[in-house]
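Input: a single structure, listed below in structure tokens.
Residue numbers (UniProt numbering): 1 to 322.
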């Protein structure tokens, strides 16, 4: 019996490996992470409004107070600094005005603090680019809206420029909700007459909070992590008094002229994929150079996870940013 079980298990592993490598043409590790994502029901809070409300209620006390910190063991030197009474993680700061600066805006559907993977990712970024990486644990819903985070990011950005760091050496990057904030904040910088960062990098960004693209529901069916109804409810809280078509919430409705160089990374198994393609088409129609990096058969925020596709993404990014 044991021998039979082991044989069946071995055949299953080999079959799934061949499926991932030959048919889906991606790493087996990414395949296993997708299984983990589905098994842990990461999508559940986003499938229905009631689920999102329940998830928000569960974490709101935790996100209201001071961030408790991380157990991640950084390879690079790291310290924290309070700005606007918000904890900021600062990694690999060499106090060199020529050093590249990455302001990283983590995802979490506007209501969650960063995942452990986020800390590993910014540590990896700091090493790959020899960059100073700043990751603010920005205020979350239901305690705040977009306003407080824009004020925080403006202060962080202003302080870097006041230290004689050229904006041409600054990259603003974010994933998921953080990707939405990244592009909206770059658009906001124009309204306050501040110089643009060299690069605006979005990983699986939420671009349209209305989720009105006719294809989103087709992609929602294959997305292991995000759903429409819950996500729309959460971003409506982030919007505060604003319409969901306001560029400060849905940057696809904003202006793209005069922005830093835009890079979009998106998986083809994402609810957000149609809007990412739409943004690329809009930029092409306007003659705006940008980079579009699709992750074939890959899931939401896949570069954040420790899979081979992360290294592939960072290598592509190095060619774009460097």
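Beta carbons: idealized from backbone N, C-alpha and C, even for Gly. From a predicted model like this one, the values you see are computed outputs, not experimental measurements.
At a Cβ-Cβ threshold of 7 angstroms, residue 175 and residue 260 do not count as neighbours. Under the 8 angstroms Cβ criterion, the region 131-148 counts as touching the region 99-108, having at least three qualifying pairs. Contact between residue 301 and residue 280 fails: their C-beta atoms lie close to 18 angstroms from each other, not under 8 angstroms. Here residue 73 is exposed: its Cβ has fewer than 16 other Cβ atoms, across all protein chains shown, within 10 Å. Spatial neighbours of residue 286 in its own chain (CB-CB distance under 8 angstroms, excluding positions within 5 residues in sequence) are listed in chain order as 256, 257. Secondary structure within the region 49-127: the alpha helix (DSSP H) runs of 4 or more consecutive residues, fully enclosed, are 49-64 (chain order). For the pair residue 26 and residue 173, the Cα-to-Cα distance works out to about 24 angstroms. Closest option to residue 271, judged by alpha-carbon separation, among 80, 207, 171, 71: 207. For the set 116, 180, 125, the Cα lying nearest the Cα of residue 93 is the one of 125.
When secondary structure is reduced to three states using DSSP, residue 142 falls in the coil class, being assigned neither helix nor strand.
Residue burial is scored here from C-beta neighbours: residue 77 has fewer than 16 other C-beta atoms within 10 angstroms and is therefore classed as exposed. When DSSP states are grouped into helix, strand and coil, residue 284 belongs to the helix group. Here the alpha carbon of residue 180 sits roughly 5 angstroms from the alpha carbon of residue 205. In the DSSP assignment, residue 315 falls outside any beta strand (DSSP E) and lies within the alpha helix (DSSP H) extending over 308-321. For residue 200, the uninterrupted beta strand (DSSP E) segment begins and ends at 199-203. Assignment of residue 294 by DSSP, reduced to helix, strand and coil, places it in the strand class. Note that the C-beta distance between residue 194 and residue 43 is not below 7 angstroms. Taking C-beta atoms as the reference points, residue 296 and residue 268 count as a pair closer than 7 angstroms.
In the three-state scheme derived from DSSP, where H, G and I count as helix and E and B as strand, residue 268 is classed as coil. Here the alpha carbon of residue 248 sits roughly 26 angstroms from the alpha carbon of residue 90.
For residue 214, the three-state secondary structure derived from DSSP is coil.
Taking the Cβ atoms as the reference, residue 111 lies roughly 16 angstroms from residue 152, outside the contact range of under 8 angstroms.
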